[in-house]
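Q: Residue numbers are given in UniProt numbering: position 52 of the sequence shown equals residue 52, and the series is strictly consecutive.
Note that the Cβ used here is the ideal one computed from N, Cα and C, for glycine as well.
Since the model is a prediction, treat every value here as computed from it, not as a measurement.
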Amino acid sequence: MDNNDAIVGLFFIMTIYHSKISTKTTPFAMIDDYSAIREEREVLFTMHTIFRVVDIKQATKNSRLWEIQLAITGDNDTLTNHIKEEVQGSIGWHRMDQLMLKVGNFDQVEELYDELLKNASDDSDRRIVYNQMGWLKRNQGKYQEAATFYQKSLEIRRETLPEDDPLLAHIYNNIGTVYRYMNDYSTAFQFYEKSLKIKELSLPPTHADLASSYNNICGVYKSMKQYSKSLELYKKTMDIDKKTLPPNHPDLAISYNNISLVYSDMRNYSKALEFYDKSIKIYEQVMPPNHPLLATSYGNIGPVWSELGDYSKALSFLEKALRVQQMSLPPTHPFIKETMHRIELVKRKR
Numbered sequence: 001m002d003n004n005d006a007i008v009g010l011f012f013i014m015t016i017y018h019s020k021i022s023t024k025t026t027p028f029a030m031i032d033d034y035s036a037i038r039e040e041r042e043v044l045f046t047m048h049t050i051f052r053v054v055d056i057k058q059a060t061k062n063s064r065l066w067e068i069q070l071a072i073t074g075d076n077d078t079l080t081n082h083i084k085e086e087v088q089g090s091i092g093w094h095r096m097d098q099l100m101l102k103v104g105n106f107d108q109v110e111e112l113y114d115e116l117l118k119n120a121s122d123d124s125d126r127r128i129v130y131n132q133m134g135w136l137k138r139n140q141g142k143y144q145e146a147a148t149f150y151q152k153s154l155e156i157r158r159e160t161l162p163e164d165d166p167l168l169a170h171i172y173n174n175i176g177t178v179y180r181y182m183n184d185y186s187t188a189f190q191f192y193e194k195s196l197k198i199k200e201l202s203l204p205p206t207h208a209d210l211a212s213s214y215n216n217i218c219g220v221y222k223s224m225k226q227y228s229k230s231l232e233l234y235k236k237t238m239d240i241d242k243k244t245l246p247p248n249h250p251d252l253a254i255s256y257n258n259i260s261l262v263y264s265d266m267r268n269y270s271k272a273l274e275f276y277d278k279s280i281k282i283y284e285q286v287m288p289p290n291h292p293l294l295a296t297s298y299g300n301i302g303p304v305w306s307e308l309g310d311y312s313k314a315l316s317f318l319e320k321a322l323r324v325q326q327m328s329l330p331p332t333h334p335f336i337k338e339t340m341h342r343i344e345l346v347k348r349k350r
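1) Can you list, in chain order, the residues of its chain with a C-beta nearer than 6 Å to that of Tyr181? Leave out the 5 residues immediately preceding and following it.
2) Are the CB atoms of Ile68 and Phe28 within a distance shorter than 7 Å?
3) Look at the alpha carbon of Arg348 and the alpha carbon of Val324, and state the distance between them as a whole number of angstroms.
4) Using a Cβ-Cβ cutoff of less than 8 Å, which residues in the same chain neighbour Pro292 once the five nearest sequence positions on both sides are dropped?
5) Near Lys229, which residues of its chain fall below 7 Å by C-beta distance, leaving aside the five closest residues on each side in sequence?
6) Suppose you measure from the CA of Gly134 to the CA of Ser35; what does that come to, to the nearest Å?
7) Rounded to the nearest angstrom, what separates Asp277 and Glu111 at their Cα positions?
8) Are the CB atoms of Tyr283 and Ala253 within a distance shorter than 7 Å?
9) Evaluate Tyr17 with the Cβ neighbour count: other Cβ atoms within 10 Å of its Cβ, from every protein chain shown; 16 or more gives buried, anything less gives exposed.
10) Should Lys243 be labelled buried (16 or more other beta-carbon atoms within 10 Å of its own) or exposed?
11) Give me, in chain order, the residues of the same chain whose beta-carbon lies closer than 8 Å to that of Asp241; leave out the 5 immediate sequence neighbours on both sides.
12) Does DSSP classify Met238 as helix, strand or coil?
13) Does Ala211 come out as helix, strand or coil in the three-state DSSP assignment?
14) Near Met287, what residues of its chain come up, given a Cβ to Cβ distance below 7 Å and the 5 sequence neighbours on each side ignored?
15) Does the separation of the CB atoms of Phe275 and Ile259 fall below 7 Å?
16) State the Cα-Cα distance for the pair Lys137 and Leu116, rounded to the nearest angstrom.
17) Would the beta-carbon of Ser297 fall within 7 Å of that of Ile280?
18) Out of curiosity, what's the CA-to-CA distance linking Met266 and Asp125?
19) Can you name, in chain order, every residue of its own chain whose Cβ lies under 6 Å from the Cβ of Met238, other than the five neighbours on each side?
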C-alpha cells in the first residue's frame, strides 16, 4: 500500500442472494473460461447491477484498510424500485443529477449543471436546469440565489402552461420552501397554498406530492408556533407516507423527524425521542454516512438530550452532526454555524 498516510485501501465484500435475483435478469456471470488467469475465478457484473451498502468498518489487522460490505438488491426491492420511479427524465444527465442530489453530492452536481446551462439549446432545457440549480443552492444554504433560479424557471414555465398545471405546483412549492428558510413565513405560505390548490385539483387524496405540500405547510405553522395545527397536518402527512411509501423510505424518516421537532417545541421530550429514533434508524439504513439529512436528525436530537439533562449524549449527537455537515456542506452553510452554537450551549451547561 502507498506510504502516504492520507491514502487508505478499500476492500469490497459482495454478498449475492440468489433468492433475490429474478430469472428474467442476469446481473452477473462467472467468466473463468474467458479470463487470462482462470484461477482468479473472476465475476463480471452488468452495469445496471445495484448493491446496498450494509456496513463500513476498519479492517482488524490493518488500520489503513476499510471493508465495505455490499448486498445485491433484487427486482422486488421496494426502496430501489421507488427511487427509480422518483428519478425520472427523458435525458440521462437529468436522471443522474437527480440521483446525485438525493445522495448529497452537491459539488459534482454544480459542475454538471454549469455544463448543462452552457449547452442548453432552448428554454425547455434551461427551465429544468434553473429548477435543479435552485434545489442545489437551497441545500447549500444560499437561499437568495435559490429563489432567483426558481423564479427564472417559473417565468419560463408560465409562458406555456395554464395556471393550474401540476408543473407549476412543483415550482411554487420550491419557492415557498426557500422563503420559509429565509424566515419570510407569509410569503412562504402564499406559495405553498398556490401549490396545494393545484395539487388538490389534480391528485388523489393519498398522493405523495400532497403529503409533501402538507409537510411544508406544517413547517410554516411550526415556525409560527401554531403547534396543534402543525402536529395535526404532520400526522396526516405521515399516514399518507405509510400508505404510499416503503417502510424504509427517506420521506417517511422526514415525517418522523418533523413530528419530533413539534413534540420537542411542545416540551414533550419522550415523544420527541420516540420519533427521532424512528427517523435515524431509516436514515442510517438507506443514506450514505455523510448525508446532510443524517446530520439534521443528529443535530435535532442533541438539544432534546440537553433539555433532559444528559449533556454527554447531547454533545455526542451534536458532534456527530457537525462531522457530517463538515463533510457534506460548504463551510459557510448556516446549518454548520447553528450546530457549533448548539455545541457551545451544551458545553456551558455541563
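A: According to the data block:
1) Tyr143
2) no
3) Arg348 and Val324: Cα-Cα distance of roughly 23 Å.
4) Gly104, Asn139, Val324, Gln325, Ser328, Leu329, Phe335
5) Within the same chain, Lys229 has close Cβ partners Tyr221.
6) 48 Å
7) 36 Å
8) Yes, the Cβ-Cβ distance between Ala253 and Tyr283 is below 7 Å.
9) exposed
10) When all chains shown are included, Lys243 counts as exposed.
11) Within its own chain, the residues whose Cβ lies closer than 8 Å to the Cβ of Asp241, once the five positions on either side in sequence are excluded, are Ala208, Ala211, His249, Asp251, Leu252, Ser255, listed in chain order.
12) helix
13) Helix, per DSSP.
14) Pro250, Leu293, Leu294
15) yes
16) 16 Å
17) yes
18) 45 Å
19) Ser255
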